[in-house]
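With the UniProt record's numbering, letter number 255 in the sequence shown gets 255, and the count goes up by one each step, no holes.
No residue lacks a Cβ here, since even glycine has one placed at the ideal position from N, Cα and C.
In this text the structure is predicted, and so the values were computed from the model without any measurement.
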Amino acid sequence: MPDPSDTLRAQQFALARHLRDPERHPPPPGIEDRRLAVYRNLFHDNIRSLLSGNFPVIRRTLGEDGWRALVREFFARHRSRTPLFTEIGREFVRFLEDRAGDAVDDPPWLPELAHYEWVELALQIAGDEPPPHDTVDDADAAAGSRQALLDAVPVVSPLAWALAYRWPVHRIGPRFRPLQPPAAPTLVLVRRDADGTVRFSELSPLVYRLLEILGSSDACSGRDCLRQLAAEAGAPDSEPFLAEGAAMLQRLHAERTLLGIRRPT
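Spelled out as structure tokens, the structure:
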């Protein structure tokens, strides 16, 4: 006789395959379809509702039929790496990224737009602890706080993300579906305020690169980082560039993209 546990396991897998993709996989025998329909609708509707809240622009841009078909494919084809509901949005992004190389009719900007929409939730629930740092006293004269950011190592907040996209993800929607990416990338800063508000802003190439440099070194002073940026930009006279860069550091600190400083060892 077959082991009852093996029989139960086979039934569970058959039921799971059917719920994921009822058109391709029959249900286990002996279960009334009316009862199966309750589970099918429950699972599909819950996932679709959750993803609709995470990706409202994609839903409006694809239309209801296209959106439902995409969610059905996600539910049927993708194998999630985590059971957490808060991670389903990230799994949806992975699904779109993985299938981008397949012969599908997805718009070419779809994976990047999904990532751009997912970032807001990701940053809302991010629990990164701030790295050790000293505060910069903004009550002092502007030159004093500016000097501290130049002399010491500026500390980038783990809740401030500089992102680069090939497509203009902040503009894509039902009325704008580009066919070709622009020549210049779209550079975005996404950061979370102390009250939990997530803010998006466009970045210039210089500020984006400065944040890259600041984030890639834990021993580079603000002055040295600006000098590296000046050399990369081919600035003919570094002193005016450093003066503008110092003001840039101050603005980044005022908005909490930079948490403070770490004294060089």
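Buried or exposed by the 16-neighbour rule on C-beta atoms within 10 Å, applied to N41: With fewer than 16 Cβ atoms within 10 Å of its Cβ, N41 is classed as exposed.
Complete beta strand (DSSP E) runs within the UniProt domain "Putative DNA-binding" (11-96) (minimum length 3 residues, chain order): With a minimum length of 3 residues, no continuous beta strand (DSSP E) run stays inside the UniProt domain "Putative DNA-binding" (11-96).
Nonlocal neighbours in the same chain, by C-beta distance under 8 Å from A247, ignoring five residues either side: Excluding the 5 residues flanking it on each side, A247 has same chain C-beta neighbours closer than 8 Å at R146, in chain order.
Three-way DSSP call (helix, strand, coil) for V119 in this model: The DSSP-derived three-state label of V119 is helix.
Which of helix, strand or coil DSSP assigns to P240: In the structure shown, P240 sits in a helix (DSSP, three-state: H, G or I).
Per-residue DSSP class, three states only, for T186: In the structure shown, T186 falls within a strand segment according to DSSP collapsed to helix, strand and coil.
Under the three-state DSSP convention, the category G260 falls into: The DSSP-derived three-state label of G260 is strand.
For P108, the nearest candidate out of P154, L229, I47, P181 (CA to CA): Out of P154, L229, I47, P181, P181 has the C-alpha closest to the C-alpha of P108.
Per-residue DSSP class, three states only, for R166: Here R166 sits in coil by DSSP.
Cβ contact (3+ pairs, closer than 8 Å) linking the region 82-101 and the region 113-129: The region 82-101, when compared against the region 113-129, does touch it at the 8 Å Cβ threshold.
Below-9 Å beta-carbon distance, A219 vs any chain C residue: No chain C is present in this structure, which holds just one protein chain.
Coil, strand or helix - E129 by DSSP: Coil at E129, not helix or strand.
For D151, three-class secondary structure by DSSP: Three-state DSSP puts D151 in a helix.
Three or more C-beta pairs below 8 Å linking the region 158-166 and the region 94-103: With the cut-off at 8 Å, the region 158-166 and the region 94-103 do not touch.
Assigned secondary structure, E202 (DSSP; H/G/I helix, E/B strand, else coil): E202 falls in the strand class under three-state DSSP.
Three or more C-beta pairs below 8 Å linking the region 189-209 and the region 172-181: Counting Cβ pairs under 8 Å, fewer than three are found: no touch.
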